[in-house]
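Q: Next up is a structure, given as structure tokens.
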Ligand code: SF4
């Protein structure tokens, strides 16, 4: 696991404070989406078909920093959309660093080289570059040839200027363990800090929902990848127990409040992956969400979810409770054979609700009323 020592200590102290104070639900990572606009149109993304008026809306620097203050999570992930399309993203990062946050800026890296001058290297700041496999697999996943090569060139440029760089890799059905293993070797050779790896979440609005992994396939895929990874010294930016969960060795319920999400619609309920409602304040999100209505076994849309934004906080809480178990997995790697941990039964889950269109209308109306939903003639702003 590759997380700077100072960051691990500060997050450990934060978690201990929450436990000692008896706080039942607390945030670990703020997922901050300053805009939905992207300069790619990936098949696995549920955000690219928002109307232009929504894609053009932005959170201001003040709103971004206000969200971080309101939430108090020690880590902020800047996601989207493509955060580098936000003209003031450098100011957002500076403001978050001044607040002592640890920041991961997720990017497809198409604009990274051009925008590097907006940032300064800092141990608390890392770019997380989205690469869904080697050249062929990634370019296919993002539906644009040449993207992998641009990203790799940008990673080298960022590393040369002293920036921390990690990789975020999402796997879909059809992922071949051998190719994933080769990809892991490739990114290791690039000198990146580590990789965040996760199965894709089946966004109901994604153009290609057939290619998401179900739970059983996810566990088998990760067992095979981790088996191939033995002795190859890959570094993950994830807890050992989350990786063990991916390999089918832990029965975890998600912790959706662990990664609360703020975007141009407000605070998203219940989690980063699922937008079933929006509220104005973080307090409302935490206190007024019916958390038991969501999660695997509770809601049909959650049945196959094993994504890090939902389950990493569960694994971290388990690590705090069972440090020796976590250490054992960290030392020997996730178990890749033998029986899997029992899965959560799905017999009593409530059926999926169709909420997208009503929420879209409601959010668009609100953005228009606030004068924030402006039409544009330009597809992408740089
Ligand atoms: S399982 Fe949890 S994290 Fe995953 S979509 Fe459902 S509520 Fe969100």
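In full-length UniProt numbering, the protein residues as written are 1 to 382. Just so it is clear, CB atoms sit at the ideal spot from N, CA and C, and this is done for glycine as well. Since we're looking at a predicted model, the values are computed, not measured.
#1: My output table needs one value for residue 184: the three-state DSSP class, helix, strand or coil.
#2: Starting from residue 64, follow the alpha helix (DSSP H) in both directions and report where the run begins and ends.
#3: Secondary structure at residue 259, three-state DSSP: helix, strand or coil?
#4: Under 7 Å Cβ to Cβ from residue 221, same chain only, skipping five residues before and after it: list those, please.
#5: So the candidates are 34, 279, 317; which of them puts its Cα closest to the Cα of residue 14?
#6: For the ligand SF4, any of its heavy atoms closer than 7 Å to the Cβ of residue 270?
#7: Alpha carbon to alpha carbon, what distance is there between residue 372 and residue 242?
#8: Between residue 294 and the ligand SF4, is the CB less than 7 Å from at least one heavy atom?
#9: Would you say residue 307 touches the ligand SF4, meaning its beta carbon is less than 7 Å from a heavy atom?
#10: With a floor of 3 residues, list each beta strand (DSSP E) that falls wholly inside the stretch 212 to 288, ordered by position along the chain.
#11: Roughly how many angstroms lie between the CA atoms of residue 218 and residue 70, to the nearest whole one?
#12: By a C-beta neighbour count over all protein chains shown, 10 Å radius and 16 as the cutoff for buried, is residue 275 buried or exposed?
#13: In angstroms with no decimal places, state the Cα-to-Cα distance between residue 169 and residue 142.
#14: To the nearest angstrom, report how far apart residue 369 and residue 4 are at their CA atoms.
#15: Quick one: which unbroken alpha helix (DSSP H) runs of 4-plus residues sit fully inside the stretch 102 to 169? Chain order, please.
#16: Would you report the Cα separation of residue 19 and residue 312, rounded to the nearest angstrom?
#17: Would DSSP call residue 30 helix, strand or coil?
#18: Within the present structure, is the beta-carbon of residue 299 separated from the nearest heavy atom of the ligand SF4 by less than 7 Å?
A: Taking the coordinates as given:
#1: helix
#2: 61 to 71
#3: coil
#4: These residues qualify, in order along the chain: 171, 175, 177, 213.
#5: Nearest option by C-alpha distance: 317.
#6: yes
#7: 39 Å
#8: Result yes, Cβ under 7 Å from the ligand SF4.
#9: yes
#10: 261 to 263, 266 to 270, 275 to 279
#11: Taking C-alpha positions only, residue 218 is separated from residue 70 by approximately 35 Å.
#12: buried
#13: 12 Å
#14: 44 Å
#15: 112 to 115, 135 to 141, 147 to 160
#16: Roughly 17 Å separates the two Cα atoms.
#17: strand
#18: yes
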